[in-house]
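Undergrad:
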Amino acid sequence: MTIVMCSRVGEEGDVTFAGRSVVVNSYGNVISEADGQERLIIADIDLSQTAVARKRRPFLGLRRPERYTLMQTEPGIGMLTVDYAVMAELRRI
Numbered sequence: 670m671t672i673v674m675c676s677r678v679g680e681e682g683d684v685t686f687a688g689r690s691v692v693v694n695s696y697g698n699v700i701s702e703a704d705g706q707e708r709l710i711i712a713d714i715d716l717s718q719t720a721v722a723r724k725r726r727p728f729l730g731l732r733r734p735e736r737y738t739l740m741q742t743e744p745g746i747g748m749l750t751v752d753y754a755v756m757a758e759l760r761r762i
């Protein structure tokens, strides 16, 4: 799966936003990245590589959704938590 992440830049009050928006391909390689300035980044995405990557690295088959919990922190906002016993088990694999 290709991941596209945008991040704001600048300051608001006492908070500084770093920017560094990024596009990452199905193999985890950065194919386009902005610096800490306001930028428009453009990337060519080969969607056929998603299927190839899933066959070569079938990580979705290792998921254990029965161990995930969605905690609602306030209306419309949630946080995904994972059972730490499962995490310890996965580290041994």
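The working numbering puts the first residue of the sequence shown at 670, with every later residue one more than the last.
Beta carbons: idealized from backbone N, C-alpha and C, even for Gly.
Fair warning: this is a prediction, and the values are worked out from it, not measured in the lab.
(1) Just the C-alpha distance for Val684 and Arg677, rounded to the nearest angstrom, thanks.
(2) Go through its chain and collect everything with a Cβ distance to Met674's Cβ below 7 Å, but skip five positions before and after it.
(3) Going by the beta-carbon positions, is the gap between Ser695 and Ile711 smaller than 8 Å?
(4) Quick one, which of Arg736, Pro727, Gly697 and Ala687 has its alpha-carbon nearest Gly705's?
(5) On the DSSP letters alone, give me the boundaries of the beta strand (DSSP E) that Ala722 sits inside.
TA: In this structure, then:
(1) Straight-line Cα distance between these residues: approximately 11 Å.
(2) Leaving aside the five residues that flank Met674 on each side, the residues in its chain whose CB is nearer than 7 Å to its CB run, in chain order, Ser690 and Val691.
(3) Going by C-beta atoms, Ser695 is not nearer than 8 Å to Ile711.
(4) Ranking the options by Cα distance to Gly705, first place goes to Ala687.
(5) No beta strand (DSSP E) contains Ala722, which is instead part of the alpha helix (DSSP H) from Ser717 to Arg725.
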